[in-house]
Each structure stands twice: as structure tokens, then as C-alpha cells.
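*Asks:* Our numbering numbers the first residue of the sequence shown as 2 and each following residue consecutively.
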Amino acid sequence: MNIKYNIIEQLFILFLILTIATGCKDNSPNATNDLQNSASDANLNTPSQNFGIVLHGGSGSMEKGKMSPELEAEYTAKLSEAIKTGYDILEKGGSSLEAIEKTINILEDSPLFNAGKGAVFTNDKRNELDASIMDGKTLNSGAIASVTTIKNPITLASAVMQKSEHVMLAGKGAETFAVEQGFELVSPSYFQTERRLKAIERILEREKASGGDNPQAATYTPPSIDEKFGTVGCVALDKNGNLAAGTSTGGRNNKKWGRIGDSPIIGAGTYANNKTCAVSSTGWGEFFIRGVVAYDISALMEYKGLSLKAATDEVVQNKLAAMGGSGGVIAIDNEGNMSMEFNTKGMYRASMNKKNGLYVGMYGN
Ligand code: ASP
Numbered sequence: 002m003n004i005k006y007n008i009i010e011q012l013f014i015l016f017l018i019l020t021i022a023t024g025c026k027d028n029s030p031n032a033t034n035d036l037q038n039s040a041s042d043a044n045l046n047t048p049s050q051n052f053g054i055v056l057h058g059g060s061g062s063m064e065k066g067k068m069s070p071e072l073e074a075e076y077t078a079k080l081s082e083a084i085k086t087g088y089d090i091l092e093k094g095g096s097s098l099e100a101i102e103k104t105i106n107i108l109e110d111s112p113l114f115n116a117g118k119g120a121v122f123t124n125d126k127r128n129e130l131d132a133s134i135m136d137g138k139t140l141n142s143g144a145i146a147s148v149t150t151i152k153n154p155i156t157l158a159s160a161v162m163q164k165s166e167h168v169m170l171a172g173k174g175a176e177t178f179a180v181e182q183g184f185e186l187v188s189p190s191y192f193q194t195e196r197r198l199k200a201i202e203r204i205l206e207r208e209k210a211s212g213g214d215n216p217q218a219a220t221y222t223p224p225s226i227d228e229k230f231g232t233v234g235c236v237a238l239d240k241n242g243n244l245a246a247g248t249s250t251g252g253r254n255n256k257k258w259g260r261i262g263d264s265p266i267i268g269a270g271t272y273a274n275n276k277t278c279a280v281s282s283t284g285w286g287e288f289f290i291r292g293v294v295a296y297d298i299s300a301l302m303e304y305k306g307l308s309l310k311a312a313t314d315e316v317v318q319n320k321l322a323a324m325g326g327s328g329g330v331i332a333i334d335n336e337g338n339m340s341m342e343f344n345t346k347g348m349y350r351a352s353m354n355k356k357n358g359l360y361v362g363m364y365g366n
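(1) Counting pairs of beta carbons, one from the stretch 194-206 and one from the stretch 122-129, are three or more of them closer than 8 Å?
(2) Between residue 135 and residue 332, how many whole angstroms is the CB-CB distance? I'm expecting something under 8 Å.
(3) Would you mind stating whether residue 316 and residue 297 have Cβ atoms separated by less than 8 Å?
(4) Which class does residue 120 belong to by DSSP, given the choice of helix, strand or coil?
(5) Check whether the Cβ atoms of residue 248 and residue 277 lie closer than 8 Å to each other.
(6) With DSSP run on the structure shown, which of helix, strand or coil describes residue 62?
(7) Check whether the Cβ atoms of residue 56 and residue 74 lie closer than 8 Å to each other.
(8) With distances taken Cα to Cα, identify the nearest neighbour of residue 157 among 166, 167 and 143.
(9) Which of the three DSSP states, helix, strand or coil, is assigned to residue 211?
(10) Just list the alpha helix (DSSP H) runs in the stretch 153-214, keeping only unbroken ones of 4 residues or longer that don't cross its boundaries, in chain order.
(11) By the DSSP assignment, the beta strand (DSSP E) with residue 330 in it spans what residues?
(12) Report the rounded CA-to-CA distance for residue 346 versus residue 362, giving the unit in angstroms.
(13) Using the three-state DSSP reduction, which class does residue 349 fall into: helix, strand or coil?
(14) With distances taken between CB atoms, is the gap from residue 109 to residue 153 smaller than 8 Å?
(15) Grouping DSSP H, G and I as helix and E and B as strand, with all else coil, what is residue 77?
(16) Under the criterion of a Cβ to heavy atom distance below 7 Å, does residue 230 qualify as lining the ligand ASP?
(17) Using C-beta distances below 8 Å, list every residue in its chain close to residue 324, excluding the 5 sequence neighbours before and after it, in chain order.
(18) Which residue comes first and which comes last in the beta strand (DSSP E) that contains residue 339?
(19) Measure the beta-carbon distance from residue 114 to residue 231 and round it to whole angstroms, keeping in mind my assumption that it falls under 8 Å.
(20) Determine the burial state of residue 352: buried for a count of at least 16 other Cβ atoms within 10 Å of its Cβ, exposed for fewer.
(21) Where does residue 299 fall in DSSP's three states?
(22) Counting C-beta neighbours from all protein chains within 10 Å, is the total for residue 43 16 or more, i.e. buried, or is it exposed?
(23) If we count the other Cβ atoms within 10 Å of its Cβ and call it buried at 16 or more, is residue 285 buried or exposed?
(24) Applying the criterion that 16 or more other CB atoms from any shown protein chain within 10 Å of the CB defines a buried residue, is residue 39 buried or exposed?
(25) Please name the residue in 319, 340, 322 and 348 whose C-alpha comes closest to that of residue 308.
(26) Less than 8 Å separating the beta-carbons of residue 251 and residue 146?
(27) Give me whichever residues DSSP pairs with residue 1 in a beta bridge.
(28) Can you give the Cα-Cα distance for residue 255 and residue 196, rounded to whole angstroms?
(29) Provide the residue(s) that pair with residue 279 in DSSP beta bridges, ordered along the chain.
(30) Below 7 Å CB to CB, which residues in the same chain sit around residue 243 once its five sequence neighbours on both sides are set aside?
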């Protein structure tokens, strides 16, 4: 009798423990997000609520108070429009690849940024555009370099990825491929803006006066905000757990001899891998190429188990800075965590997800 009573009592206690354990979910936003963000969610390709998108519009010396309120408002409006466009695509179940392409198209079409219309000028006063895109699910990628007649370079990079057997096409060949794919070419003059023309004229004058444009020279005058910045990039995680990254740029102001920077180079300017994260870079491209910056962030996560925050911080604030490189990255990992890391004074940037809503920033913290 006593033994029977003991068993019933123990079963009742076990029942109580199970009820409490399953009923007591932590309802704080972080805990909910962690559950939704579990890696198995992404791997199983089940619809997930941790989708999100981050963009940059270039890093540089933007400081609060130095920009007119009107220009600041223009940047805020365009960054918001672009990020919301991408977010809407993701929310409706669209792919991260589509979201980043459409987001970047908006920035390419705006003369505010150094990509598409409004690109900086080369030393011989032309606009040469570079772009790349990467699919984190398949590791497929596409890139174009030194094109002068492609209105939306990121869209051509996407066509290279999807419709050619190659990863990177440059110059005339890329434009021939574009025509074969039904792209309409624009006149090279489409990309020119008064603001960028004045900037290159100022730089060339300065170069003549000081005998060069070498940043290491004692006579070097750092470029003003109009002269250098505005490369654009975007990374996203979609509801199917797929990551994508893309970058589009006019390159560096006053570039010579067919110079190509990091933006069209997979692993330097752009990288995406569903195992880890998606990254787009902006800054002094030569350093990003030498540091293989975008891939380095992914590798730190894959091989050393670093978090996205720790990996972007290590590469941008330590490795890149120690090399003398300036700039920043935007990144998102396969759980929807986001990072916007820069070692310059500012970086045009925006992000959007369900948990935190819309964020737009320009200056340092
Ligand atoms: N990274 C680009 C390049 O070097 C420029 C930039 O991001 O400002 O071409």
C-alpha cells in the first residue's frame, strides 16, 4: 500500500516538473529571437521570422554638423527608401538575391552615391563601374569591372552569375555580354554629375600643384566628402535562410590605368555563405583586396567559431587598421544578427528586421 502510494506520488511530481518545464518559455524578445534564429531553422529551409537586410552607402569622414541639414535629409530619405524596398521583398517571401539587387538598384540610380549615376571620375574624366554579387546558398557569384555603359552594374553582375559560366567579366567583353543578354546600354555621359565633375577638377588642380596624389606624401590633402565616398552594398537573409551579398561602385576618385578595386572581387568586397554570413565592404579597396576582408570575416566564423560581431570587429578594427586600411563592412549572419563596423569617422548605413525595425545612420557613435 505504502509502495503503491509512493509510486503515485513520484509520478505526480514528475508530471508537475514536465508541465512547468514545457510551460515556462522565456518570453523576453531576445529569447524569442534566439529560438527563431536557431541554425537548424535555417538549415531546414523552413520559413523563418529572423530575415533582415543591411546596406551601406560608403564609409568616410562624414561628421555631424559638417553636412547641410538638406543634404542629410536627402541621404536619410534615400537610404530609407532603399532598405524598405529590400525589406518588403523579403517580407513577401522573396529571395535575398532579389532583395539586395533591387535595393542596390535604387542607390545606383541616385546621384548621391558613388555607384551608377553619380559615380566618381577617373583621372581622364570617365566613369568606370565595378560590381559583384554572391549567393550564399550555392556560392555562385558574378562580377563586372570597368564598364562604362551599364546603368545598373549589380544587375549585370547578377546576369554573369546566372547566365554565364564565368565569375568575372571586364570592360568591352562585359558590355558585349550585356547586349547579348538584352541589356540596353546607356551613354557614358549618363553617369556624370556636376558634383563629381567639380570634385575631380579640384583633385587634378591639387595634384598639379603638389606634384601627385599619393596619400603618403607630406603635401597630400585628404579628399572632401564629395571627392571620395559613396560605394554601395547590401546583404540580406531571407525567410528560407539564404544569405546574399552585393556591392556596386565607381571605385576610387582619380583612379588611373584601368584600376579595379575590391568591390568586384569575391572574398574582398563581397562574400556570402549560408554556413556563416554575408558581407559587403567599402573603403580603400587596395587594403580590402590584400586583407581578403569579406572572406576573412566568414572564415573567422567558420573555422574559429567567432560570432559575427567578434569577426567584423577583429577584421575591421584590428587587422585592417593595422595594415593602414580605412573603411567598413556591413554583414548579416545565418541567424539574422547584423553588424555595421567601420574604422572611419562615419559610414552611410541602414538596416531593417522584424525585431528592431528601421535604422538609418551616417556618423560614428
Ligand atoms: N572600395 C571601393 C574601391 O576601392 C571604394 C569605396 O568603397 O569607397 O573601389
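Beta carbons: idealized from backbone N, C-alpha and C, even for Gly.
*Replies:* Inspection of the coordinates gives the following:
(1) yes
(2) For the purposes of this step, residue 135 is taken as the residue at position 134 of the sequence shown. For the purposes of this step, residue 332 is taken as the residue at position 331 of the sequence shown. Not a contact, Cβ separation roughly 13 Å.
(3) Stepping through the sequence shown from its first residue, residue 316 is reached at position 315. Stepping through the sequence shown from its first residue, residue 297 is reached at position 296. Contact annotation: residue 316 and residue 297 have beta-carbon atoms nearer than 8 Å.
(4) Walking along the sequence shown from the start, residue 120 turns up at place 119. Correct three-state label for residue 120: coil.
(5) In the sequence shown, the residue the question calls residue 248 occupies position 247. In the sequence shown, the residue the question calls residue 277 occupies position 276. No.
(6) Counted from its first residue, the sequence shown places residue 62 at position 61. If DSSP states are grouped into helix, strand and coil, residue 62 belongs with coil.
(7) Your numbering for residue 56 matches position 55 in the sequence shown. Your numbering for residue 74 matches position 73 in the sequence shown. No, these two residues do not count as a Cβ contact at 8 Å.
(8) The residue you call residue 157 lines up with position 156 of the sequence shown. Closest by alpha carbon: 143.
(9) Against the sequence shown, residue 211 aligns to sequence position 210. Three-state DSSP puts residue 211 in a helix.
(10) Counting only runs of 4 or more, we get 154-164, 172-181 and 195-211.
(11) On the sequence shown, position 329 is the one that residue 330 refers to. It spans 328-334 - the beta strand (DSSP E) in which residue 330 sits, taken as one unbroken run.
(12) Indexing the sequence shown from 1 puts residue 346 at position 345. Indexing the sequence shown from 1 puts residue 362 at position 361. Cα to Cα, residue 346 sits roughly 12 Å from residue 362.
(13) As a position in the sequence shown, residue 349 is number 348, starting the count at 1. Strand.
(14) Translated into positions along the sequence shown, residue 109 becomes position 108. Translated into positions along the sequence shown, residue 153 becomes position 152. Result yes, Cβ atoms of residue 109 and residue 153 sit closer than 8 Å.
(15) The residue given as residue 77 occupies position 76 in the sequence shown. DSSP places residue 77 in helix when its eight states are reduced to three.
(16) Within the sequence shown, the letter at position 229 stands for residue 230. Correct: residue 230 has its Cβ closer than 7 Å to the ligand ASP.
(17) Here residue 324 is taken as the residue at index 323 of the sequence shown, counted from 1. Hits under 8 Å: 288, 291 and 292.
(18) Taking the sequence shown and counting its residues from 1, one reaches residue 339 at position 338. Unbroken beta strand (DSSP E) run through residue 339: 339-343.
(19) As a working mapping, residue 114 is identified with position 113 in the sequence shown. As a working mapping, residue 231 is identified with position 230 in the sequence shown. Yes, they are in contact, since the Cβ atoms of residue 114 and residue 231 sit about 4 Å apart, within 8 Å.
(20) Numbered from its first residue, the sequence shown carries residue 352 at position 351. Residue 352 should be labelled buried.
(21) Translated into positions along the sequence shown, residue 299 becomes position 298. Residue state, collapsed to three classes: helix.
(22) Walking along the sequence shown from the start, residue 43 turns up at place 42. Confidence at residue 43 is low in this model, with a pLDDT of 44, below 50, so its placement is unreliable and no value can be given for it.
(23) Here residue 285 refers to the residue found at position 284 when the sequence shown is read from its first residue. So residue 285 ends up on the buried side.
(24) In the sequence shown, the residue the question calls residue 39 occupies position 38. Caution is warranted here: a pLDDT of 40 is assigned to residue 39, below 50, making its placement in the model unreliable, and no coordinate value can be reported.
(25) For this step, residue 308 is matched to residue 307 along the sequence shown. Shortest Cα-Cα distance from residue 308 to any of 319, 340, 322 and 348 involves 340.
(26) As a working mapping, residue 251 is identified with position 250 in the sequence shown. As a working mapping, residue 146 is identified with position 145 in the sequence shown. The criterion of a C-beta distance shorter than 8 Å is not satisfied by residue 251 and residue 146.
(27) This structure cannot settle anything about residue 1, because the visible part of the chain is limited to 2 through 366.
(28) The residue you call residue 255 lines up with position 254 of the sequence shown. The residue you call residue 196 lines up with position 195 of the sequence shown. If I take the Cα positions, the gap works out to 14 Å.
(29) Taking the sequence shown and counting its residues from 1, the one referred to as residue 279 is at position 278. In DSSP, residue 279 forms a bridge with 273 and 333.
(30) On the sequence shown, residue 243 is found 242 positions in, with the first residue counted as 1. Excluding residues within five positions, the ones whose Cβ falls inside 7 Å are 96, 97, 137, 138 and 275.
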